[in-house]
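Below is one structure, written out as structure tokens; comments come after it.
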Amino acid sequence: MFRTIFTSSLLLVSLNVFSQKTFHVDDFINNSENSLENSKNVKNIKINKNENDLFNKGFLPEVSLNFSFPSYNRSITEITQPDGTYAFKESNSANSKVSLSVSQKIPFTGGKLTISNSLNRLDLFGDTQNSTSYSASWLGFNLSQPLTFFNAMKWDKKIQDAKFEYNTIIDIRNRIGIKKKAIKHYFELLRIKNEESLLVKRIEATNKYKKYIFRLIKAGKAIASDSIDVELKLLNEQKNLRFLDKSEILKIQSVNTFFKEELFNKTDSMAIPTTNIALKELNFYINNYLDVYNIVEKNNLLSYEKNIKQLERNRFYAATLSIGAGFNNTSDKYTTVFQNPNESQNFSIALNFPVLDFGKKRMELELTRTQYDVEILNLEQEKTLNIERISLLHEEINDLQYSLGLENLRTNLLRIKLNRMEMLLYAQKILFQDYAETEDLFFKSLNEKTNLTQNIYNKCLELEETTLTEIIKNEN
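With this note's numbering applied, the sequence shown corresponds to residues 1 to 476, in that order.
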């Protein structure tokens with residue numbers, strides 16, 4: 001009874017320790033969220049959002065409160081007296097100030113409105129004088145407006161919006177790149193696991209035939225040299241299995257490093273991914289790419305367009321209008337400084353005319369226009385190449401799926417042929433070399449199916465990166 005319980009407990013422990021888990025490609029894709037690359041991409045997404053929010057906050061009112069308590073100044077002045085001698089007079093002052101200002105950008109015109117008020121206290125003290133005075137600016141308005149009909153704020157807003165959309169595209173492509181790395185790890189490990197599994201089966205089959213041929217030799221129905229090819233094949237397979245085992249250990253370490261956890265164990269198995277990928281019409285992917293292209297085009301061209309427009313407006317003159325009004329007063333007493341205010345207004349236009357710049361502005365404008373034209377040509381060339389690439393990828397994916405279907409038929413036929421040849425081999429009606437060649441063709445066909453499946457996934461990921469259209473979806 002004790003032995004039965006002990007044996008059952010040992011069996012349960014062994015099953016828990018060596019329990020297998022079957023991984024699918026979706027498991028690698030989903031767990032890629034824990035990878036270092038994805039952590040970096042999440043930070044970049046946060047940076048992009050914060051930069052955009054920070055820029056938009058620049059259009060909100062800016063409120064500032066400033067204090068100065070006090071600003072002390074001491075000076076000694078030389079004074080000539082009536083008798084021609086000199087005397088030195090010491091004067092001391094302390095100035096305290098508090099001010100509040102609110103400024104607001106005006107995006108529609110490119111100007112800026114500022115509202116401010118302040119209170120000052122001046123203390124004079126020394127050998128012969130002691131006095132205190134107050135001055136206040138109750139309310140001051142000031143408007144600053146460029147008169148070149150160029151709104152830099154409006155352009156900066158357009159550029160920032162385009163940059164935010166472009167960075168969003170980069171974030172999506174980074175996620176696709178991370179998915180591509182996860183799938184690459186999956187297929188590399190899958191290929192090793194499959195080759196190892198197939199090699200174990202080949203060794204089992206070779207050992208089985210080895211025992212059979214030895215029985216024939218012992219019975220005098222075969223000669224000793226008939227076992228040489230079997231022995232050589234078995235030695236070669238055992239050598240390859242040893243190297244595959246080491247490759248598997250290294251690859252598992254690489255996979256777990258990528259996912260930053262002990263995700264995969266040597267006893268785990270892997271499923272061959274399905275390729276039930278239903279591609280849509282070619283125009284669907286081209287139209288999606290054109291939407292992406294428009295975002296890239298705006299991001300690349302708006303800065304040039306802003307510079308060209310600014311150079312055109314400021315080519316002959318630059319002007320800024322400043323208008324202000326306010327109420328202020330001075331008094332010896334704090335209680336009366338806010339009574340009977342004095343009004344003040346100001347109006348000014350600042351003009352700047354380049355009299356002689358040796359054609360610098362004209363050359364700068366011409367240079368910027370040329371750079372703009374070159375960028376347009378580069379974008380057009382990139383668009384043409386990517387559309388051709390999309391068409392080629394679309395065709396290649398369909399061709400690879402067709403080839404995979406043919407390879408499935410070929411594998412099935414080779415399996416049937418191999419089973420029949422195995423019976424003929426044991427009946428001593430064919431040579432072992434003929435059987436081994438067919439066996440090689442069968443296992444190569446199995447590997448080719450894995451290669452074709454990986455190529456389909458790779459081409460789909462390339463199409464995803466170009467069009468930002470999800471093609472490889474979760475199978476679960």
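Even glycine gets a Cβ: it sits at the ideal position worked out from N, Cα and C.
Item	Value
Going by DSSP, name the residue or residues bridged to P82.	Its beta-bridge partners do not exist; DSSP assigns none.
Does DSSP put I203 in a helix, a strand or coil?	helix
Among residues of its own chain, excluding the 5 on either side of E78, which ones have a beta-carbon nearer than 7 Å to its beta-carbon?	Y86, F88
DSSP three-state label for T450, please.	helix
In angstroms, rounded to a whole number, what distance separates the CA positions of S197 and F264?	17 Å
I need the boundaries of the beta strand (DSSP E) containing F141, first residue and last residue.	130-146
Over the uninterrupted beta strand (DSSP E) stretch that includes S331, give me the two end residues.	318-331
Where does D161 fall in DSSP's three states?	helix
Considering only their Cβ atoms, is the gap separating I203 from E237 smaller than 8 Å?	yes
Tell me, please, whether the stretch 144-151 touches the stretch 216-226 by the rule of three or more beta-carbon pairs shorter than 8 Å.	no
Under three-state DSSP, which class holds I198?	Sequence inspection shows Leu at residue 198; the Ile mentioned does not correspond to that position. Three-state result, L198: helix.
Just how far apart, CA to CA, sit I456 and Q381?	27 Å
Start and end of the alpha helix (DSSP H) containing S348?	Segment 342-352 is the beta strand (DSSP E) holding S348; no alpha helix (DSSP H) there.
Do the stretch 168-183 and the stretch 347-361 meet, that is, are 3 or more Cβ pairs less than 8 Å apart?	no
At the level of alpha carbons, what is the spacing between I277 and K417?	31 Å
Which two residues bound the contiguous alpha helix (DSSP H) that contains F284?	282-313
Any idea what DSSP makes of L461, helix, strand or coil?	helix
If distances are taken between C-alpha atoms only, which option among M421, K309, M423, S348 comes closest to R369?	K309
Does the beta-carbon distance from N240 to T450 come in below 8 Å?	no
Taking the alpha-carbon of E188 as reference, which of N458, A205, I472 has the nearest alpha-carbon?	N458
Since K251 contacts I192 with CB under 8 Å, what's their CB separation in whole angstroms?	6 Å
Decide if L452 is buried, meaning its Cβ has at least 16 other Cβ atoms within 10 Å, or exposed.	buried
Measure the C-alpha to C-alpha separation of N120 and Y72 and round it to an integer number of angstroms.	13 Å
Quick one: grab the DSSP three-state call for N123.	Per the sequence presented here, residue 123 reads as Asp, with Asn not at that position. Strand at D123.
Give the DSSP-derived three-state secondary structure of V98 in the structure shown.	strand
For Y435, which residues of its own chain have a beta-carbon under 6 Å away from its beta-carbon, when the five flanking residues on both sides are left out?	M421, L425
Looking only at its chain, what residues have a beta carbon closer than 8 Å to the beta carbon of W138, apart from the 5 residues adjacent to it on each side?	N117, G326, F327, N328, N329, F338, P341
Can you check whether the CB of Q20 is closer than 8 Å to the CB of T267?	yes
Sorted by chain position, which residues of the same chain lie with C-beta nearer than 7 Å to E448's C-beta, five sequence neighbours on each side aside?	E407
At what residue ranges does the stretch 30-65 contain a whole run of the alpha helix (DSSP H), taking only runs of 4 or more?	36-57
Do you know how far the Cα of K105 is from the Cα of K154?	11 Å
If we count the other Cβ atoms within 10 Å of its Cβ and call it buried at 16 or more, is P61 buried or exposed?	exposed
Counting along the chain, where does the alpha helix (DSSP H) carrying Q339 start and finish?	Taken as a continuous stretch (DSSP letters only), Q339 belongs to no alpha helix (DSSP H), as it is neither H nor E.
For R3, count neighbouring Cβ atoms within 10 angstroms of its own Cβ and tell me buried if that reaches 16, exposed if not.	With a pLDDT of only 42 at R3, under the threshold of 50, the placement of this residue in the model should not be trusted, and no figure is reported.
Cβ of V102 within 8 Å of Cβ of F67?	no
Report back the beta-carbon spacing between L234 and K210 to the nearest angstrom; my notes put them in contact at under 8 Å.	6 Å
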